[in-house]
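First to last, the sequence lines map onto chains V and U. Here numbering that gives the first Met the number 0 is used: the first residue of the first sequence is 0, the next is one more, and so on. Here numbering that gives the first Met the number 0 is used: the first residue of the second sequence is 0, the next is one more, and so on. Glycine included, every Cβ here is placed at the ideal spot set by N, Cα and C. Here the structure is a predicted model, which means the values were calculated and not measured. Here's the structure, in structure tokens; my notes come after.
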Amino acid sequence: MSGNAATASLSAKHAGKLRDPALFLSVAVIWVFLAVFILFPLVKILILTFEKDGQPSLAALLEILSRKSHYTAFWNSLLLGGLVGVAGTVLGFFFAFTAVRANLPKRWTAFLDLAIILPLISPPFTTAIAMIFSFGPRGLITYELLGMRGFNAYGLHTTLFAETVTYFPIAYLTLKAILAGIDPNVEDMAFSLGASRWRVFRTVTLPLTVPGLANSFLLLFAASLADFATPLILAGNSFPVLPTDAYLQITGLFDLKGGAVLSFVLLVPAFVVFVLQRFWVSRKTYVTITGKSGAQTEIKSVSPVVSRLLLAICILLSLLIVYFYVLLFYASIVMALGANHNLTLKHYRVVFTEGVKAIQDTLLIAGVGMFLGGVYGVVVGYLVGKKRFVSRAAMEVVSMVNYSLPGTIVGIAYLIAFNSPPLVITGTAAIIIAAYVFRYGATGIRTTVAILQQIDPSIEEASHSLGAGTVTTFRRITIPLILPGLFAGLGVVFIRSMTAISATIFLVSIHWTLITVRILEKMTELELGVAAAFSVLVVAVVLAGTSGIGLTLRRFRQPGAPSMSSILGG
Amino acid sequence: MAKCQKWSRMFAVAILLILTASGGSAADKTLNAYSIWPENWARPMFEEFEKATGIKVNFVRFSSGEALARVIAEKNNPQVDVLFGGPVETFSAGIKEGVFEPYKPPAFKVLEPRFKDPQGYWVGIADDPLVFMTNKKFLSENKLSAPASWNDLLDPAYKGMLQMADARTSGTAVTRIFSILEVFGRDEAKALNYMKKLRANVQVYTKSGGGGTIPVGLGQAGGGIFFIVDALKTQQEGYDVVVSFPKEGIGTATEAIALIKGAKNPDTAKKMIDWASSPAMQSLFAKYKINFPPAHPEVQIEPGLAAVMKGAKIFPIDSAWAGDNRKRMVDLWVQKVLE
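Here it is, written out as structure tokens:
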């Protein structure tokens, strides 16, 4: 999807010539922003890791690594990430294959889409809360339903399950797009050569999705590596993981250096993933769409029996997800789930009295952040995708850095970088907004680049030859074409501002707080009803926001414009 | 294009709003605080304070480790005026970091020595003993009686069924560690050995001191070690739990308040400290069902609370010694107990 050979060769011709002052100015401005909000924090975290008394040193790193608990936590994180990657990819493939190839009636696809979208737009620990209620020693499922005694709800198994349920939608969306892109005619050819369905699946469909599978594995691995909230609640005392340890090191002991070193350790696998994804997986995308293909063929990949079976399994799993959310809603309207099931609105009263400040702050930050993030995404996307200038490729890579790193690292890096002069913005809304814009604005960049690649330059040339000037062409042709990119950026920054916690937990202050941080506080204060009510509010607001943006997107429907749900994936 | 300009104007206004909102809160009728007490206790206290003085309190709640960490990090540019509530060892540790300003409120003279720092870096606003809290149904299913000794908690019946706080974030946990140290005559090796054995029975170390109370109430966990306020709140909410004390004794921590050095609203902060250390606030505990024994000698302990504590062997934690050794003990706990 990213930078292609054609633009690269063209750029060589014009590189280095500053004939366009407007271009030069915008490139310079963007680089200043990237330097301040992406490179500077990253450099600060590296300096803190590799410096002792002003001298370069490996001492801090070696000390942390010699501590057995951190060492265990490091391997645990890789193990958890790997397992979540595999389990989530398998589950995602299963759902995607069912949705694309099982000839489902439309309403079933819609149901699956809804069930799958829920975890994507929720605060990160909603699954964890529901898991505790369902699977503990007195859990609704383990104890009340199955009569199991002393079931242990804490550890690798529950953390893995919760993270898989939370993140497999990313795999689903990634793989659905790829499976849908495989022309059924290709499978048809194999069928007409006499292959069985299983053989076609094994030798045609599966190999074509391998790059997608690898990509989805890496996305899930990275998501798990960034998640400190689920293990904080579910990992228990025997399964420490690195993101949670880094979080406790910083928030509990305010050991910035220790936190920096721990997140540096986390940076290594994250960076490997980033490189693999960018320079290996993205090169291996198979293209099976060859211009206008023949008449759409009927999908024959699965037999009706298998199709029913696939659907049944998917529906069961979707019902489990829906059950989690029903439970969450129920917990928000009863006095105390598990003890007193009288209906009450008191938790919502708390949300709309004590919680008003957090709600206002979050909405304001999300509101400002989404516009800045949307504009940032389109501008950088336009520069990178359409213009030729020195450092174009570097800009594309750097703009993706904050997005690719685990949120805990970004949060810690911001805290370290902006806590002392020259730029002190800790405690302000600006630091939270900056964290969101430069992390999630990346989605807008990628969407814009993808759209620009699909716009034939002849459209703009036609406008020129009809006598329109550069400005008119830009305004009348280019802007409408890249509007979906703007909305993609807007949407993702909005959703993440409402739901993310990993980066911003380090950045909230007495003046500016966020709903997700309140939810975590409420959970640790054991006001689970209030935590549930806050979560329901977030899901409702995000659902409304997403539908709004989705409807707007549909008005600009055009080739290459992504749907709202596909933007949410990786 | 006109539309574009409208948008950019809206941006500018919004950004301006944010800049002014974060910078200009210098009104003298407000107070900024980090509260270590949970919001549902801190809020009514702060509302009563506003009623009494007209001073509005902006606050955020953090676990004690987090709150202290923030105060230390913001030393050069303090964001709050007082640190409110939380066990005293947190405050002793803060003195070492130089984040507090001494202030002696009117109540200072009448407070017992253990409820005040000699120099006035902090003053006590309540007393808070630790207790064992167990789930009644869990006890009867396992044919146990309520634990009456620290060794009772090592019973294999509790395997993977205890919840208590994580020393990295929670003052409850630090008070627990110092209690165990006292019980073992400050013999660190023995105390750590006990904690290591105890760990086998621990299901999860929670971020917040009261984090395990509802799981114990629901029977998701069998029991744990909590502050009495958290334990009694669980009981008041209708969960079937038993509160008991170990015969070897258990520690109690003073809940304190302190003025932040370089506070932007020192006058309102002092008014808050005057109020919180006096009967004016501490006699409100019973009204809001906050089960702290008061620190001020003129405030009567609520009879129900007195009954629970009757006959229990409770000793105060030596705050100066605890403050000096806090960081080292937490480190040791992470290294020797968690690893």
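- Taking 9 Å as the threshold, the shortest C-beta distance from P239 of chain V to chain U falls below it.
- Within the segment 214 to 236 of chain V, contact with chain U at the beta-carbon level (separation under 7 Å) is assigned to L231, G235, N236.
- Think of a sphere of 7 Å around the beta carbon of K206 of chain U: the chain V residues whose beta carbon falls inside it are L231, T523, in chain order.
- Out of V:M334, V:T425, V:T427, the CA that lies nearest to the CA of L527 of chain V is found in V:M334.
- By the Cβ neighbour-count rule, L79 of chain V is buried, with 16 or more other Cβ atoms within 10 Å of its own.
- Per the Cβ contact rule, the segment 444 to 451 of chain V is not in contact with the segment 335 to 347 of chain V (fewer than 3 Cβ pairs under 8 Å).
- I313 of chain U: member of the beta strand (DSSP E) spanning 313 to 315, first to last residue.
- Setting aside the 5 residues that flank it on each side, I54 of chain U is surrounded in the same chain by K28, T29, L30, F48, T267, K270, each with a C-beta closer than 7 Å to its C-beta; the list follows chain order.
- Only S508, I509, H510 from the segment 491 to 510 of chain V bring a Cβ to less than 7 Å from some Cβ of chain U.
- Note on V470 of chain V: under 16 other CB atoms within 10 angstroms of its CB, so exposed under the neighbour-count rule.
- For E143 of chain V, not one C-beta of chain U is nearer than 9 Å to its own C-beta.
- In this structure, the beta-carbon distance from F284 of chain U to P293 of chain U falls below 9 Å.
- When DSSP reads this structure, V56 of chain U sits in a beta bridge with U:L30.
- V130 of chain U sits away from V298 of chain U, with the two beta carbons spaced by 9 Å or more.
- S62 of chain U sits away from R325 of chain U, with the two beta carbons spaced by 9 Å or more.
- In this structure, the beta-carbon distance from A72 of chain V to L241 of chain V falls below 9 Å.
- At a cut-off of 9 Å between beta-carbon atoms, E520 of chain V makes contact with chain U.
- The continuous alpha helix (DSSP H) containing D273 of chain U extends over residues 265 to 275.
- Ranking V:L45, V:I63, V:E62, V:L64 by CA distance to the CA of P55 of chain V puts V:L45 first.
- Taking 7 Å as the Cβ-Cβ cut-off, the segment 332 to 360 of chain V approaches chain U at A335, G337, A338, N339, E353, given in chain order.
- Going by DSSP, I364 of chain V is part of the alpha helix (DSSP H) stretching over 355 to 385.
- According to the DSSP assignment, P183 of chain V belongs to the alpha helix (DSSP H) that extends over 183 to 191.
- Below 8 Å, enough C-beta pairs join the segment 212 to 223 of chain V and the segment 87 to 98 of chain V to call them touching: three or more.
- Under the DSSP assignment, S243 of chain U falls in the beta strand (DSSP E) whose first and last residues are 240 to 243.
- A contact is defined here as three or more CB-CB pairs under 8 Å, and the segment 29 to 43 of chain U meets this definition with respect to the segment 66 to 86 of chain U.
- DSSP places F73 of chain V inside the alpha helix (DSSP H), whose first and last residues are 67 to 100.
- For Q235 of chain U, no CB of chain V lies under 9 Å from its own CB, so it is not counted at the interface with that chain.
- Of all alpha-carbon atoms in U:L217, U:G250, U:E247, U:L304, the one lying nearest the alpha-carbon of F137 of chain U is that of U:L217.
- Chain V places a beta carbon closer than 9 Å to that of G216 of chain U, counting this residue as a contact.
- For G208 of chain U against F226 of chain U, the beta-carbon gap comes to about 6 Å, under 8 Å, which counts as contact.
- Contact residues of the segment 67 to 84 of chain V toward chain U are K67, S68 (C-beta to C-beta distance below 7 Å).
- I213 of chain U has a beta carbon lying within less than 9 Å of a beta carbon in chain V.
- The C-beta distance from D360 of chain V to T512 of chain V rounds to 6 Å, short enough to meet the 8 Å contact threshold.
- Straight-line measurement puts the Cα of D244 of chain V at about 14 Å from the Cα of L77 of chain V.
- Here I289 of chain U carries a coil assignment [DSSP, helix/strand/coil].
- Annotation: F278 of chain V to L205 of chain V spans about 22 Å, alpha carbon to alpha carbon.
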